[in-house]
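Numbered according to mature numbering (1 follows the signal peptide of the UniProt record, and there is no 0), the sequence shown spans residues -24 to -1, 1 to 303. We put the CB at the ideal spot given by N, CA and C, even for glycine. This one's a predicted model, so the numbers in the text were calculated from it and none came from an experiment. Have a look at the structure below before the remarks.
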Amino acid sequence: MRLRTPLALLGAALLVLVGPPLLNTGSGSDTGTQIPGLRFMVPNSPGGGYDITARTAAKNAEDAGLTRNIEVFNLPGAGGTVGLTRLVGEHGNGRLAMSMGLGVVGAVHTNKAPRTLAETTPIARLTEEQDIVVVSKNSRYKTLQDLLAAWKAAPGKLPVGGGSSPGGPDHLAPMLMAQAAGIAPKSVNYIPFDGGGELLASILGDKVAFGVSGVGEYLDQIKAGELRVLAVTGAKRVPGVDAPTLREAGLDTEFTNWRGIVAPPGLTDTERDKLVTLVTELHDSPQWRESLKKNGWNDAFLPGEKFGAFLGEQDQRVADVLKELGL
């Protein structure tokens, strides 16, 4: 994460695997990517960013012939820290991995979680993704300027929905927006949802004034005209999304989210290396490259110990940002 103008977080990241191969374009047995009985945990509800990335990666792994018969399952709760606690409790289990990202880093702080990411085995950071500021097609806010005028007039009366707990990306992005707009972050009425899937219904029903979520989570609804994107949070516009950046719309800040994979503690070197090899082969596959393009994800691959160092940096940065924002 890098802090910018006045503040912003950068990162990137996620994911991996699953299922019987449909097209044998790779050789899992030759590359050592076959892990019989592998289970992949998604620590939030179906339809969220971790879930979409995991299931996309699962199909890609099937098509690339890297591994087979992997179970993907959801274990939501407390911003991903329920899943994190379960993962750490599976000490020495080389057949379990968990998708995660900046949201879990933040939730560890704000939920005072009993387990931390420092206790896990880092496998890889895979993707970086912009957040979007989004409203329903029926919203009275046609532009970000319309929204900001109403938000500044009564910040506490405009509920802001996000698919992560306080401290996560969908929380930090509107807080940074508020700070850049001259709104006290403590006055923002933020409503957390357990993933973008749960948030979507409230945006469509105008139960929140606006939502903040990953761009890849709502592409179908955007294309169908059900959602209106007021801005994207990164440094550049997103291809295929008709919306300005925050800076183009007048807010001097930017923000991106990341996602990655961790495994339980206590793995042998062989077990850890096999998981890293599997994710590396997935990252290098044409199927994954196509999914990056389709979902608006940026490639930000960082394997093994390098990802572990990045996690330590992110943990400290999130703590510093929450303190600076008075949160």
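Classified as buried, H85 has 16 or more neighbouring CB atoms from the shown chains inside 10 Å of its CB.
Per DSSP, the unbroken beta strand (DSSP E) holding E104 starts and ends at T97 to S112. Each residue's CA atom was taken as its position, placing N50 and P161 some 32 angstroms apart. For the region 122 to 187, the continuous alpha helix (DSSP H) assignments of 4+ residues that do not extend past its boundaries occur at 145 to 157 and 172 to 180, in sequence order. In the displayed model, R235 falls within a strand according to three-state DSSP.
Taken through DSSP and simplified to helix, strand or coil, A40 comes out as helix. G173 places its beta carbon less than 7 angstroms from that of P22. When the five nearest sequence neighbours on each side are left out, the beta carbons in the same chain lying within less than 7 angstroms of the beta carbon of T92 are those of V84, in order along the chain.
In the three-state reduction of the DSSP assignment, S267 falls in the helix class, which pools H, G and I. For V18, the beta-bridge partners assigned by DSSP are N50.
Under the three-state reduction of DSSP output, G59 falls in the helix class.
Between T96 and V255, the C-beta spacing is not below 7 angstroms. Here the alpha carbons of T103 and V205 stand approximately 21 angstroms from one another.
At least 7 angstroms separates the beta-carbon of G82 from that of G56. Following the DSSP letters along the chain, one finds G77 inside the beta strand (DSSP E) bounded by residues L72 to G77. Check the Cα spacing between E105 and each of V294, A177, G201 and V191: the tightest is with V191.
In the DSSP secondary-structure assignment, G190 is bridged to D107. Remark: C-beta atoms of I179 and G187 approach each other more closely than 7 angstroms. Spanning the alpha carbons of F277 and L222 requires a straight line of approximately 26 angstroms. Around the beta carbon of N114, fewer than 16 other beta carbons sit within 10 angstroms, so the residue counts as exposed. With respect to the 7 angstroms criterion, R101 and F283 are classified as neighbours on the basis of their beta carbons. Going by DSSP, A285 is part of the alpha helix (DSSP H) stretching over G280 to E300. Note on S141: 16 or more other CB atoms within 10 angstroms of its CB, so buried under the neighbour-count rule.
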